[in-house]
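Keeping their order, the protein sequence lines are chains A and B.
According to my numbering, the stretch in the first sequence is residues 6 to 314, in order.
According to my numbering, the stretch in the second sequence is residues 5 to 261, in order.
To start, the structure itself, in structure tokens.
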Amino acid sequence: MSGPMVAARALTKRFGAFVAVDGVDFEIEPGEAFGFLGPNGAGKTSTMRMIGCVSPRTAGELHVLGLDPAHDGPDIRARLGVVPQEDNLDTELTVWDNLMIYGRYFDLPRAEIRERAAELLEFVNLSDRRDSRVDPLSGGMKRRLTIARSLLNRPELLLLDEPTTGLDPQARHLLWDRLYQLKRSGVTLVLTTHYMDEAEQLCDRLVIMDNARIVAEGSPRRLIADNVTREVVEVRLPIEADLDFEAARLKRFGDRIEPLADRVLLYTDDGDATAAAIMSEGFEAGSVLVRRASLEDVFLILTGRSLED
Amino acid sequence: MSTPPVLRIVEREALVFARLWRGIAFSTFVAPALFLGAIGVGLGGLVKAHTGAVDGLTYLDFVAPGLLVASAMQLAASESLWPVLGGVKWMRQFHGVVATPISPGQLYGGFVLWTALRSMLGAAAFLLVAALLGAVPSAWGVLAIPAAGLCSAAFCALLAAYSIKLDSDLSFPMIMRLGVLPLFLFSGTFFPVSQLPSGLRPLALFSPLWHGVELARDATTGTFDVAPVLAHIAVLVACIAVGASFGVRRFSRRLSP
Ligand SMILES: Nc1ncnc2c1ncn2[C@@H]1O[C@H](COP(=O)(O)OP(=O)(O)OP(=O)(O)O)[C@@H](O)[C@H]1O
Ligand SMILES: [Mg+2]
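Written out as structure tokens, the structure reads:
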């Protein structure tokens with residue numbers, strides 16, 4: 006296939022009068038890892054479900070693998086892998102039976118499913134649990150099984166809705182590692198996340214969604230370069246401090262400042278110089294931190310809110 | 005050779021059934037034996053002492069096809085309430101299914117088909133026990149199995165279409181008590197509808213169970229006219245068609261909103 010894996014134009018989803026996705030445009034190229042980043046309720050899952058052909062679009066255009074979900078849903082779904090936000094494993098069955106049955110939904114021959122299932126359990130480090138029921142598995146194990154399940158049909162396009170939410174750091178790194186491997190083998194990845202580090206690690210390109218719209222698009226590096234200064238100075242304030250007063254005091258040191266609940270961020274191209282200037286003003290050295298700008302800052306600047314809100 | 009999507013759903017249900025069969029064996033074989041023993045033989049003896057025959061049949065011969073189809077209905081009803089809501093809301097595995105090439109309507113179709121097949125399995129076991137007790141005078145009796153399957157499909161098609169869009173199971177106990185139980189008691193299962201007050205008798209026409217029971221009784225006794233048999237089949241098929249016209253749409257709305 007030569008065109009984009011997914012192409013959306015003015016894509017819109019309404020539930021009754023409520024607008025969940027408000028005319029978004031994006032294209033996802035073969036082999037890339039593409040991210041949707043945004044706070045709760047931004048419309049990430051609604052968009053993913055339209056791409057996954059389990060939610061009809063209300064308006065606009067959408068092509069997935071060059072086909073139209075409105076007509077070719079089953080043909081598209083046969084070539085997708087889906088890791089939904091909420092696990093929906095078959096808890097009445099064992100790990101192994103889950104894979105066998107899911108493979109049958111794609112009408113794969115049993116012998117082939119068996120072969121693939123054994124490989125995939127190895128891939129997600131679950132081989133020793135193959136005869137265990139799904140119910141007692143930990144959240145991370147269920148997530149890994151869901152990923153193994155999504156790969157049974159050797160998908161060209163893998164949709165991952167918050168693949169690592171709720172996982173401990175170790176489980177998350179294992180998953181990232183597996184996703185890298187998939188990407189290297191040519192699978193196109195589309196993922197949503199609230200985690201900046203995940204987006205920066207995994208995504209070649211991403212869009213930031215807020216309130217049902219896309220507010221920015223680009224590579225993580227591009228987004229930071231275009232929207233934020235190179236460095237950020239964080240000044241932690243004691244609990245009793247008057248935030249507005251301190252923010253006013255700090256204003257002249259940065260190109261731009263963002264007061265948060267317990268600290269003030271100063272955007273600047275020379276962090277060390279700015280930090281030194283601030284400390285000479287009487288701020289304690291231990292409360293001043295210089296760091297590189299991140300996607301978190303991009304989000305804050307574009308939406309005026311931090312992602313965790 | 006591709007397997008139709010509807011049958012892939014049946015495969016899943018059959019696998020769950022196979023994994024759990026020990027738990028299910030009791031309700032499949034032992035329960036009919038107990039029912040037939042207590043009601044057919046025990047109560048039947050009492051009936052014989054008082055009135056002799058029911059509609060020209062021994063009570064055991066009369067009640068066996070009634071219980072056979074009534075069990076199929078009960079199975080269909082309980083399978084179409086909690087497990088359907090569980091599939092969409094609690095365990096959520098239906099959402100996993102519709103992310104594959106299988107569509108919500110095919111999931112619904114497979115679910116109804118499986119419920120009918122499972123009821124037929126139960127009906128076969130029931131028929132065997134009944135035959136051993138001498139309650140199946142005619143070889144036509146094997147046709148009681150598809151009669152039970154048809155009746156089960158009718159209930160499943162209607163009730164699964166209802167359950168799929170619910171947000172809670174609050175209404176289910178009421179359906180069982182105020183819907184399924186009265187049908188169970190008054191659909192010509194335990195006594196002929198001619199025993200009902202004359203004003204209530206026509207209501208039996210609206211009970212899918214009554215049509216199923218009549219079909220099964222025609223089969224096990226081997227005495228029937230073709231016209232009523234066709235009419236009973238037509239009613240049950242109509243129930244399935246009405247259920248399906250809602251079910252396919254409601255499954256799609258719920259699973260692909
Ligand atoms: N089936 C539905 N019916 C009505 N409203 C819905 C439905 N699905 C989603 N919404 C609404 O659409 C909005 C966007 O939801 P969506 O799940 O797409 O957000 P999200 O970006 O994935 O958020 P989160 O990070 O919390 O997963 C929310 O306000 C949600 O309540
Ligand atoms: Mg979401």
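Cβ coordinates follow ideal geometry from the N, Cα and C atoms, glycine included.
Discussion item. For a test of the three-state rule: what should DSSP assign to B:P8, helix, strand or coil?
Written reply: coil
Fill in: Through-space distance from B:L50 to B:W86, alpha-carbon basis
38 Å
Worksheet item: Is A:E167 near ligand 1, with its Cβ less than 8 Å from a heavy atom?
Response: Closer than 8 Å to some heavy atom of ligand 1: that describes the Cβ of A:E167.
Discussion item. Quick check on B:G100 - is its C-beta less than 9 Å from some C-beta in chain A?
Written reply: yes
Worksheet item: Say the cut is 8 Å; is the CB of A:A217 nearer than that to a heavy atom of ligand 1?
Response: Yes - ligand 1 has a heavy atom lying nearer than 8 Å to the Cβ of A:A217.
Worksheet item: chain A partners of B:I106, CB-CB under 7 Å?
Response: Here the neighbours are Y110.
Item to complete: Examine ligand 2 and report whether any of its heavy atoms sits within less than 8 Å of the Cβ of A:K49.
Response: yes
Item to complete: Would you list the residues sitting across from B:L61 in a DSSP beta bridge?
Response: B:L61 pairs with B:V58.
Worksheet item: What are the partner residues of A:F39, as DSSP defines its beta bridges?
Response: A:V195, A:R210
Item to complete: Could you name the residues of the same chain whose beta carbon sits closer than 7 Å to that of A:T308, not counting the 5 residues immediately before and after it, in chain order?
Response: D215, V220
Worksheet entry | Secondary structure of A:I244, DSSP reduced to three states | Correct three-state label for A:I244: coil.
Worksheet entry | Interface partners of A:P141 on chain B, CB under 7 Å | Going along chain B, no residue has its Cβ under 7 Å from A:P141, so there is no contact; the nearest lies around 14 Å.
Discussion item. Is A:N130 close to ligand 1? I mean its beta-carbon at under 8 Å from any heavy atom of the ligand.
Written reply: Set against 8 Å, the gap from the CB of A:N130 to the closest heavy atom of ligand 1 is not smaller.
Worksheet item: Does ligand 1 have even one heavy atom less than 8 Å from the beta-carbon of A:H199?
Response: yes
Worksheet item: Any Cβ of chain B within less than 9 Å of the Cβ of A:D314?
Response: Caution applies to A:D314, whose pLDDT of 48 falls short of 50 and renders its modelled position unreliable; the model cannot decide the point.
Fill in: Any chain D beta carbon closer than 9 Å to A:F20
Looking at the structure shown, chain D is missing, and the protein chains on hand are A and B.
Practice prompt. Name the one or two DSSP bridge partners that A:I118 has.
Written response: Looking at the DSSP assignment, A:I118 forms no beta bridge with any residue, so it has no partner.
Practice prompt. Put A:F23 into one of helix, strand or coil per three-state DSSP.
Written response: Strand.
Item to complete: Taking only heavy atoms of ligand 1 into account, decide whether any of them is closer than 8 Å to the Cβ of A:G21.
Response: yes
Fill in: Three-state secondary structure assigned by DSSP to A:V88
strand
Practice prompt. Could you check if A:K256 is buried or exposed, using at least 16 other CB atoms within 10 Å of its CB as the buried criterion?
Written response: Exposed, since its Cβ has fewer than 16 Cβ neighbours within 10 Å.
Worksheet item: Would a check of beta-carbon distances place B:L72 closer than 9 Å to chain A?
Response: no
Discussion item. 9 Å is my cut-off, CB to CB: does B:V116 come that close to chain A?
Written reply: no
Worksheet item: Sorted by chain position, which residues of the same chain lie with C-beta nearer than 6 Å to A:G145's C-beta, five sequence neighbours on each side aside?
Response: L172, A176
Practice prompt. Measure from the C-beta of B:E15 to each C-beta in chain A and report whether the shortest distance is under 9 Å.
Written response: yes
Practice prompt. Indicate the three-state DSSP secondary structure (helix, strand or coil) for A:E266 in the structure shown.
Written response: The sequence given here places Ala at residue 266 of chain A; Glu does not occur at that position. It is coil, neither helix nor strand.
Discussion item. My assumption, with CB atoms under 8 Å, is that A:V59 sits in contact with B:S260. Please give the rounded CB distance.
Written reply: 5 Å
Worksheet item: What's the call for A:S190, buried or exposed, on a 16-neighbour Cβ count within 10 Å?
Response: exposed
Worksheet item: To which residues of the same chain is B:A81 closer than 7 Å at the C-beta, ignoring the five residues directly before and after it?
Response: F159, L163, M180, V184
Practice prompt. Give a yes or no on whether 9 Å exceeds the smallest Cβ distance from B:M124 to chain A.
Written response: no
Practice prompt. Using beta-carbon positions only, say whether B:A74 and B:F188 come within less than 9 Å of one another.
Written response: Taking 9 Å as the Cβ cut-off, B:A74 and B:F188 qualify as a contacting pair.
Worksheet item: To the nearest angstrom, how far is it from the Cα of B:G1 to the Cα of B:D65?
Response: Residue 1 of chain B cannot be examined here, being either before or after the span of chain B that is shown, 5 to 261.
Worksheet item: A:N93: buried (16+ other C-beta within 10 angstroms of its C-beta) or exposed?
Response: Looking at its Cβ environment, which holds 16 or more other Cβ atoms inside 10 Å, A:N93 is buried.
Discussion item. With a threshold of 9 Å between beta carbons, is A:G57 in contact with chain B?
Written reply: yes
Practice prompt. Could you list which residues in chain B have their beta carbon closer than 7 Å to that of A:V11, in chain order?
Written response: Residues of chain B passing the Cβ test: none, with the nearest at roughly 16 Å.
Worksheet item: When the Cα of A:G71 is compared with those of A:A25, A:Y107, A:S7, A:F41, which residue comes out closest?
Response: Considering only alpha carbons, the answer is A:S7.
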